Every structure is written in C-alpha cells, then in structure tokens.
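K.L.:
I am attaching a structure below and will ask some questions about it afterwards.
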Amino acid sequence: MNYGAADERWANPPQPVAAAEHGPSFDHSMVSEEYEHDKKKNPAQKEGISFSQALLASGHEKSDGKIKLTARSFMEVGGYAVFLIVLVYVAFAQNSIQSYYYSKVMSDLFVASTGASGAPAFGSCTSMDNIWDWLSQVLIPGIYWTETSNSTDNENMIYYENRLLGEPRIRMLKVTNDSCTVMKSFQREIKECFANYEEKLEDKTMVGDGSVDAFIYATAKELENLKTVGTIASYGGGGFVQRLPVAGSTEAQSAIATLKANRWIDRGSRAIIVDFALYNANINLFCVVKLLFELPASGGVITTPKLMTYDLLTYQTSGGTRMMIFEGIFCGFILYFIFEELFAIGRHRLHYLTQFWNLVDVVLLGFSVATIILSVNRTKTGVNRVNSVIENGLTNAPFDDVTSSENSYLNIKACVVFVAWVKVFKFISVNKTMSQLSSTLTRSAKDIGGFAVMFAVFFFAFAQFGYLCFGTQIADYSNLYNSAFALLRLILGDFNFSALESCNRFFGPAFFIAYVFFVSFILLNMFLAIINDSYVEVKAELARKKDGEGILDWFMNKVRGLTKRGKRPDAPGEDATYEDYKLMLYRAGYAEKDINEAFTRFNVTSMTEHVPEKVAEDIADEVARMTEQKRNYMENHRDYANLNRRVDQMQESVFSIVDRIEGVNATLQTIEKQRVQQQDGGNLMDLSALLTNQVRNRESAARRPTITSIADKKEE
1 MNYGAADERW ANPPQPVAAA EHGPSFDHSM VSEEYEHDKK KNPAQKEGIS FSQALLASGH
61 EKSDGKIKLT ARSFMEVGGY AVFLIVLVYV AFAQNSIQSY YYSKVMSDLF VASTGASGAP
121 AFGSCTSMDN IWDWLSQVLI PGIYWTETSN STDNENMIYY ENRLLGEPRI RMLKVTNDSC
181 TVMKSFQREI KECFANYEEK LEDKTMVGDG SVDAFIYATA KELENLKTVG TIASYGGGGF
241 VQRLPVAGST EAQSAIATLK ANRWIDRGSR AIIVDFALYN ANINLFCVVK LLFELPASGG
301 VITTPKLMTY DLLTYQTSGG TRMMIFEGIF CGFILYFIFE ELFAIGRHRL HYLTQFWNLV
361 DVVLLGFSVA TIILSVNRTK TGVNRVNSVI ENGLTNAPFD DVTSSENSYL NIKACVVFVA
421 WVKVFKFISV NKTMSQLSST LTRSAKDIGG FAVMFAVFFF AFAQFGYLCF GTQIADYSNL
481 YNSAFALLRL ILGDFNFSAL ESCNRFFGPA FFIAYVFFVS FILLNMFLAI INDSYVEVKA
541 ELARKKDGEG ILDWFMNKVR GLTKRGKRPD APGEDATYED YKLMLYRAGY AEKDINEAFT
601 RFNVTSMTEH VPEKVAEDIA DEVARMTEQK RNYMENHRDY ANLNRRVDQM QESVFSIVDR
661 IEGVNATLQT IEKQRVQQQD GGNLMDLSAL LTNQVRNRES AARRPTITSI ADKKEE
C-alpha cells in the first residue's frame, strides 16, 4: 500500500470534551487546538473552547458566534463565586444549632412546664386565676433555681449554666373603664365598659397611694421598651411594672402575693408581659425571653411566647478576627460592585434598568448596603447594652432595642443570601439546558399574568366566602388573612374537613368540593398547561440552536473528560500503530462505528504496523466529517419533521376553515331560497287578488245594463 509522504507535521486529532453517545445521537462537543490553517482545511470539524482560549479570549464574541466564553465572563464568574463564598460564611458564621437548642431548653422550662400544685402550662392559661397560678408555680421556680451543685455557686443561675441578667419584669397594661360606650338598653345594669387595647385608651392612673412601684405607671422611655406585637394588638412600651429580685424566691413569691391581693390584674387589664434575659458563657449566647398574656375584651387569655437567642459578642471569641476579615472582604466586594454599577448606569442611562439581571444586581447591592449598616448598628447596640447591664450591677436589663436591631439585621441578611443565590442563574443560563427554565418563564410571563388575575378572582372569592360563612366558629377562617392562608394550605392537602362540616352541614362540604374542583382540578392544571406549552416551544428552539460552549459546558465537559478517560493521552509518536490512533480517536469522543468505517475507507487494518502521519490526519478528518454529516442529517431530519408537523397543522386548520365556509355558504343558500319562495308566494297572492278584482269588476259591469233596462221599463 502506498500512503504517500506526509507534507506537514502530525496534527493531533481534536482533543475531547465529552465522549460521544453510541446510537442515534451524534451531538459531540470537541476542543480544537489546531492552527487556523488546519481549521480551514477541515471546515466540517466542530469547534470548541479550551482553558487557554477562556483566559486569552478577547472581550468581544468571535465572528462565527460559537465561542461565548471570554476572559471578562470567566473572571466575572470566578469573582462572583468568591463573593458568594464570602457572603455565605458571613451569613452563617453567627448561626448554629446551639441557638435552637438554647431556645428549646428555655421554652421547655417556662412554656411547656406545669406547676407542682396543678398550675397549667403557659399555653393552657385561659383565665386570670390561671395567670396567677402560672406566675407563682412555674415562673418563680423556673427563675430561682434552688437546687445546688457541689462545685459551683448557682445564685442567679438557671440549670446551673444560664446567668440571669437583671431583674425579671412583669408589666401590665390596662384601659380605662369608660373606653367604650354601653348601649342605652343596658346602662342600668352595666356601669363600666372596657374596650380592646389601644394606646390612646390606656389607663395611667396611679393605684392607691403609690407606695408600691407596681401601682405607678412608667413610660416607655423610662423602661427603655419598644412596642410588643401580639395576636390581637400591638402594645406600647409603658405600663405598670413589678420588678422581681435578682436573687431570692421568697421575696418574689411575696411580691406576687401582694399583687394578687390588691387585684393588680382586673377587668381593664389587656396585657401581661413577662420579660428577662439570660447569658450562657459556655456557648457565648444570649437568650431574651418575652412571654405575653393577652386579655381581650371578650374574655379569656391568648398566650404568645417569644424566645430569641443571639450571639452579641461575636468579635470577642476565637473566630472574631476571621469574621472581621471576611466582613472586610465582603465590604470590598460591595464597593467594587457599586462602582461597576454606577459606571454601567452612566453609560446606558435608564435603559440599563430595563434588563432583568441588572435589576437583580441593583436589588442585591441595596440589600447588601442595608446589611452592612444594620450589622454595624446591631453590634454597637448589643455591646452597649451588655456593658450597660454589667455597669448597673445586673439589675436592669431591657433588651428590646437589641432584639429589634438583631431581627432587622437577620431579615435583611436572609434577603441578601436569597437574591445572591438567585443571581447564580445568570451564569449557569449560558448553558442550553439550564437556560430552559428562565426562557420558559419569560415566554409564559404574559399568559401567567392573565392566569394570575383569573386565579386571584376565584381565590379571593372563596376566601371571602369562607371568612363570612365560617369565621365565627373556625380559627382558620377567623379573619380574611387566615382564610386566605387556609385555602393555600388546602391546595397542599392540609385541611380540616370535619370542622367545615360541623360548622355548616350544607355550605361546608359544598365550599370544600367547589374549591377543590375549580382551583385544584381546573385552575392549577391550566397553569401547568401554560408552563408545559412554553417549555415545549423553548426546548424545540434550543434544540435547533447551534451555539458554542458556555461556561458551564466547558466546566462540565472537562469534568466528564477527567472522570471517563482519566489522564489526557499524549499525541501518538512516530511509531504509532493502528490501535494507538483508534484509541486516540475514540477518546476524542467519536463513535467506534465511524472510526472503523474511516480506517476501512483508507485500507488501514489492525495488521498495519505503522500508519503515516498524513494518513492518520486524513483519517481523523474523515471521522470528523462523517460525524458532522450524521449530526447535520439528524438536525435536518428533526427540522423537516417539525416543519412537516406544522404543515399538517396548517392543513388541518385550512380544511376546518373551508368546512366552516361551506357551512356558511349552505346556510346563505337556504336563506336565499326561503326569501325567493316567500317573494314568489307574495307575488301569487297579489296576482290572485288582482284577478279577483278584475272578475268582480266584469260582473259589476255586466249587471249595470240589466239594471238600466229595468229602470227604463218602470218609467214607461
């Protein structure tokens, strides 16, 4: 066999990114590291992108439109990945499962525990007497830990480990006895009227001679309190306050007994708030406890426990320095992003804000700046409050400002983390598969908007019906807000059908069945149909697209290449054999069938001892050409099938229109026939009437001569 001399030096076969799939699919992804003249020599070969191209590519896209990954985008992805790591560390470094366990232990002690003499648990209190029993039998024993340890002085210590910060406070708010008006019909029997709580209706009158602080009203400024949000109302920071001693359960019990004897809680009382703070040095956490009893005007008691655990001394621990470094890096990223956004807005003006991802960037920066400000504020507030408590000898410890600043910081920080992870879709959407989600939502946005209006009409109609029909008997429908969320839970299968049925034996089941039918069966399936149609269209469009590799493609192909092939093989040497070249092409991602056909076409078999470089290069080009040809054939066949399907749909539509036109034409012909028949009938009637008149006229004319002759004879 004469193979001829090789005119050029051996060029490596295209190095692989992903292995080819055996079967009908021929969608190969390959990386070309040949020179430009080699690419021109083999135009059918598919182009890819290597790591060196990613680093050295210019900031603009190549003219062939296939290389999407540029140095700018690569650096942007890398920088954002570092930013995300820093953000996640800053966000989660101060949160641990110990915070949950700490809150749970305190909740078990003060909320779930019952009294030794039968006092109910906190959540089971339903009357004023229950409140007094809970204060004396649950709160006092829980705060003043009487058991002692052999090795530790446990004064002011709960569970031997939790230090009580300051004096526990019991605060009462009440309204005046004329805060509402009694109807005339009942004024003889009912002399006093106590309305629901409003800050303007508060009773601030001193009780007795004011010898006891608990009977003197204290303002919110004096107590350093903020508003407390309850189930029924928001309660002001002032009130009548009973301070319990830091140590000594006997004195505390005596104070509670004095309040009860003087009827400190009366008909006008609307809220009883118990608050105190604890510190555990073992885990360096603070627990702020606020237990709220609400006494509505209707009677009874509504309880709301709030136990919040915070890390107020983050920077004074072993990881404080590391935390400060990461927060500094985070601030540096935010400053860089702010300047970048300002330059972009300066170039594009308001048009910059029309892009979705640009709006996401602006929102992320806004939340990040707010997080930095709130972080500084909550750190300053927490340190100042702890120092203040220590300076006053652990007697006064109002932590409302600390909880407010901490909660604000945590809420905004959660928003930052959420938006930051949403932005990840911006980078992974360069891949065809990953971009299907965003493209599907974008395409179906208008349809979803119209569907949302229709869904809202049905949903709020059912919500209002449930509120009006069942609101007086079922807690889930007690107001419009609860009713709306009850219906949302019903969609997820969380419902209480027996409560609806017992409330109204007719409207309860009817309401349930109608809601499930219209919302779950019809509207939700309509929503899924909208999404499904858009997804099918987007998937078909992406299948016809011939874009180059994106960032995710490059990365995943490299990973697949490493996991499947291990170390990338070197180029065959001068003594390379048939098996060497075959293995090289197989590892490059080509199908074994195409490789065998190419070797057969060039008369190269396993018996060939040495394959010249030129022949090997031609074989590689032939394999690439065959693969690309089959791939193009499959794409063309798919396009032809789609076109054929659309033509069939058009034909069906045209035939349907023709059938309708024929039906309309037949109807018009029938109408025309009826009109002609009616007109002919009218003409016949007119002709008959005319002939009748003519006959009558002739008969009249014939009678006239006879009558005349008779008259003449009579005259004669």
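So the sequence shown is residues 1 to 716, counted in UniProt numbering. Quick reminder that beta carbons are idealized off the backbone N, C-alpha and C, glycines included. Since the structure is predicted, the reported quantities are computational estimates derived from the model, not experimental observations.
Find the nearest neighbour of Asn464 within the set Ser185, Ser478, Phe343, Gln473, judged by alpha-carbon distance.
P.N.:
One-based indexing of the sequence shown puts residue 464 at position 464. Per the sequence shown, the amino acid found at residue 464 is Gln instead of Asn. When each option's Cα is compared against that of Gln464, the closest is Ser478.
K.L.:
Using the Cβ count rule (16 or more neighbours within 10 Å means buried), how would you classify Lys413?
P.N.:
Locating residue 413 in the sequence shown gives position 413, counting from the first residue. Counting the other CB atoms within 10 Å of its CB gives Lys413 a total of 16 or more, which places it among the buried residues.
K.L.:
For Pro398, collect the residues of the same chain with a Cβ closer than 7 Å to its Cβ; drop the 5 residues on either side in sequence, then sort them by chain order.
P.N.:
The residue labelled residue 398 in the question sits at position 398 within the sequence shown. So the list reads Leu223, Glu224, Asn225, once near-sequence residues are dropped.
K.L.:
Using three-state DSSP, classify Tyr217 as helix, strand or coil.
P.N.:
As a working mapping, residue 217 is identified with position 217 in the sequence shown. It is a strand residue.
K.L.:
Quick test of the definition: if touching needs 3 or more C-beta pairs under 8 Å, does the stretch 263-281 touch the stretch 293-304?
P.N.:
yes
K.L.:
Are residue 731 and Pro305 touching if we call contact CB-CB under 7 Å?
P.N.:
Nothing about residue 731 can be reported from this structure: the residues present for the chain run from 1 to 716 only.
K.L.:
What did DSSP end up calling Ala277 once you bin it into helix, strand or coil?
P.N.:
As a first step, residue 277 must be located in the sequence shown, where it is residue number 277. Strand at Ala277.
K.L.:
Mapping the DSSP letters down to three states, classify Pro509 as helix, strand or coil.
P.N.:
Taking the first residue of the sequence shown as position 1, residue 509 is located at position 509. Here Pro509 sits in helix by DSSP.
K.L.:
State the DSSP-derived secondary structure class of Cys469, mapped to helix, strand or coil.
P.N.:
Along the sequence shown, one-based indexing puts residue 469 at 469. Correct three-state label for Cys469: helix.
K.L.:
Apart from the five residues just before and just after Glu251, which ones in its own chain have a Cβ nearer than 6 Å to its Cβ?
P.N.:
Here residue 251 refers to the residue found at position 251 of the sequence shown. Around Glu251: Pro245.
K.L.:
Do Ser103 and Leu278 have their CB atoms nearer than 7 Å?
P.N.:
Reading the sequence shown from its first residue, position 103 is the one you call residue 103. Reading the sequence shown from its first residue, position 278 is the one you call residue 278. Not closer than 7 Å, so no.
K.L.:
Is the distance from the Cβ of Leu165 to the Cβ of Val389 below 7 Å?
P.N.:
Walking along the sequence shown from the start, residue 165 turns up at place 165. Walking along the sequence shown from the start, residue 389 turns up at place 389. Cβ distance < 7 Å, so Leu165 and Val389 count as in contact.
K.L.:
Is DSSP giving Ser113 helix, strand or coil here?
P.N.:
Here the question's residue 113 lines up with position 113 in the sequence shown. It is coil, neither helix nor strand.
K.L.:
Put Asp27 into one of helix, strand or coil per three-state DSSP.
P.N.:
Your numbering for residue 27 matches position 27 in the sequence shown. Unreliable placement is indicated for Asp27, whose pLDDT of 38 sits below 50; the coordinate value is still reported in the next sentence. Of the three classes helix, strand and coil, the one that applies to Asp27 here is coil, per DSSP.
K.L.:
Compute the Euclidean distance between the alpha carbons of Leu139 and Met106, then round it to the nearest angstrom.
P.N.:
As a working note, residue 139 is residue 139 in the sequence shown. As a working note, residue 106 is residue 106 in the sequence shown. The alpha-carbon atoms of Leu139 and Met106 are separated by roughly 11 Å.
K.L.:
How big is the Cα-Cα spacing for Leu643 and Val538?
P.N.:
Numbered from its first residue, the sequence shown carries residue 643 at position 643. Numbered from its first residue, the sequence shown carries residue 538 at position 538. Cα atoms of Leu643 and Val538: separation of roughly 16 Å, rounded to the nearest angstrom.
K.L.:
Tell me where the beta strand (DSSP E) around Arg171 begins and ends.
P.N.:
Taking the first residue of the sequence shown as 1, we reach residue 171 at position 171. That run of the beta strand (DSSP E) goes 162-174.
K.L.:
Under three-state DSSP, which class holds Cys193?
P.N.:
Numbered from its first residue, the sequence shown carries residue 193 at position 193. It is a strand residue.
K.L.:
Under a three-way DSSP split, which group does Phe293 fall into?
P.N.:
Here residue 293 refers to the residue found at position 293 of the sequence shown. DSSP places Phe293 in strand when its eight states are reduced to three.
K.L.:
Val360 and Lys423: beta carbons closer than 7 Å?
P.N.:
As a first step, residue 360 must be located in the sequence shown, where it is residue number 360. As a first step, residue 423 must be located in the sequence shown, where it is residue number 423. Result yes, Cβ atoms of Val360 and Lys423 sit closer than 7 Å.
K.L.:
Go through its chain and collect everything with a Cβ distance to Phe518's Cβ below 7 Å, but skip five positions before and after it.
P.N.:
On the sequence shown, position 518 is the one that residue 518 refers to. These residues qualify, in order along the chain: Phe458.
K.L.:
So is Phe339 buried or exposed if we call it buried at 16+ other beta carbons inside 10 Å?
P.N.:
Here residue 339 refers to the residue found at position 339 of the sequence shown. Exposed, since its Cβ has fewer than 16 Cβ neighbours within 10 Å.
K.L.:
Quick check on Ser32: buried or exposed, where buried means 16 or more other Cβ atoms within 10 Å of its Cβ?
P.N.:
Stepping through the sequence shown from its first residue, residue 32 is reached at position 32. Residue placement at Ser32 cannot be trusted, given a pLDDT of 36 that sits under 50; what the coordinates show is reported in the next sentence. Buried.
K.L.:
Please list, in chain order, all residues of the same chain as Gly238 whose beta carbon is under 7 Å from its beta carbon, the five residues on each side excluded.
P.N.:
Looking up residue 238 in the sequence shown gives position 238. Closer than 7 Å at the Cβ level, and outside the excluded window around Gly238, lie Tyr217, Ala218, Thr219, Ala220, Leu223.
K.L.:
Among Met172, Cys503, Ile474, Arg378, whose alpha-carbon lies nearest the alpha-carbon of Lys204?
P.N.:
By one-based count along the sequence shown, residue 204 stands at place 204. Ranking Met172, Cys503, Ile474, Arg378 by Cα distance to Lys204 puts Met172 first.
K.L.:
How big is the Cα-Cα spacing for Phe110 and Gly382?
P.N.:
Residue numbering aside, residue 110 sits at position 110 when the sequence shown is read from its first letter. Residue numbering aside, residue 382 sits at position 382 when the sequence shown is read from its first letter. Answer to the nearest angstrom: the Cα atoms are 25 Å apart.
K.L.:
What would DSSP say about Pro120, mapped onto helix, strand or coil?
P.N.:
Counting from 1 along the sequence shown, the entry for residue 120 is found at position 120. Looking at Pro120 - three-state DSSP - the assignment turns out to be coil, as it is neither helix nor strand.
K.L.:
Compare the beta carbon distance of Gln137 and Ala116 with 7 Å and say whether it is the shorter of the two.
P.N.:
Sequence index remark: in the sequence shown, residue 137 carries index 137 (1-based). Sequence index remark: in the sequence shown, residue 116 carries index 116 (1-based). For Gln137 and Ala116, yes; Cβs fall inside 7 Å.
K.L.:
Just to check my reading of the structure: Phe92 and Phe333 have Cβ atoms closer than 8 Å, yes? What is that Cβ distance to the nearest angstrom?
P.N.:
Looking up residue 92 in the sequence shown gives position 92. Looking up residue 333 in the sequence shown gives position 333. With a Cβ gap of about 17 Å, Phe92 and Phe333 do not count as contacting.
K.L.:
Less than 6 Å between C-beta atoms, sequence neighbours within five positions excluded: which residues of the same chain meet that for Glu199?
P.N.:
Sequence index remark: in the sequence shown, residue 199 carries index 199 (1-based). Closer than 6 Å at the Cβ level, and outside the excluded window around Glu199, lie Gly236.
K.L.:
To the nearest angstrom, report how far apart Ala81 and Val229 are at their CA atoms.
P.N.:
Position 81 of the sequence shown, counted from the start, is the residue given in the question as residue 81. Position 229 of the sequence shown, counted from the start, is the residue given in the question as residue 229. Taking the straight line joining both Cα atoms gives about 40 Å.
K.L.:
May I ask which residues mark the beginning and end of the beta strand (DSSP E) holding Phe240?
P.N.:
Your numbering for residue 240 matches position 240 in the sequence shown. Here the beta strand (DSSP E) through Phe240 covers 239-243.
K.L.:
Please list, in chain order, all residues of the same chain as Cys331 whose beta carbon is under 8 Å from its beta carbon, the five residues on each side excluded.
P.N.:
The count along the sequence shown starts at 1 and reaches residue 331 at position 331. Taken in chain order, the residues that qualify are Ile372.
K.L.:
Using the three-state DSSP reduction, which class does Asp494 fall into: helix, strand or coil?
P.N.:
For the purposes of this step, residue 494 is taken as the residue at position 494 of the sequence shown. Coil.
K.L.:
So, at 7 Å on beta carbons, what are the nonlocal neighbours of Glu501 in its own chain, with the 5 sequence-adjacent residues on each side left out?
P.N.:
By one-based count along the sequence shown, residue 501 stands at place 501. If we look at Glu501 and ignore the five residues flanking it on each side, its Cβ neighbours are Gly508, Pro509.
K.L.:
Once DSSP output is grouped into helix, strand and coil, what is the label at Arg263?
P.N.:
In the sequence shown, counting from the first residue as 1, residue 263 sits at position 263. Three-state DSSP puts Arg263 in coil, outside helix and strand.
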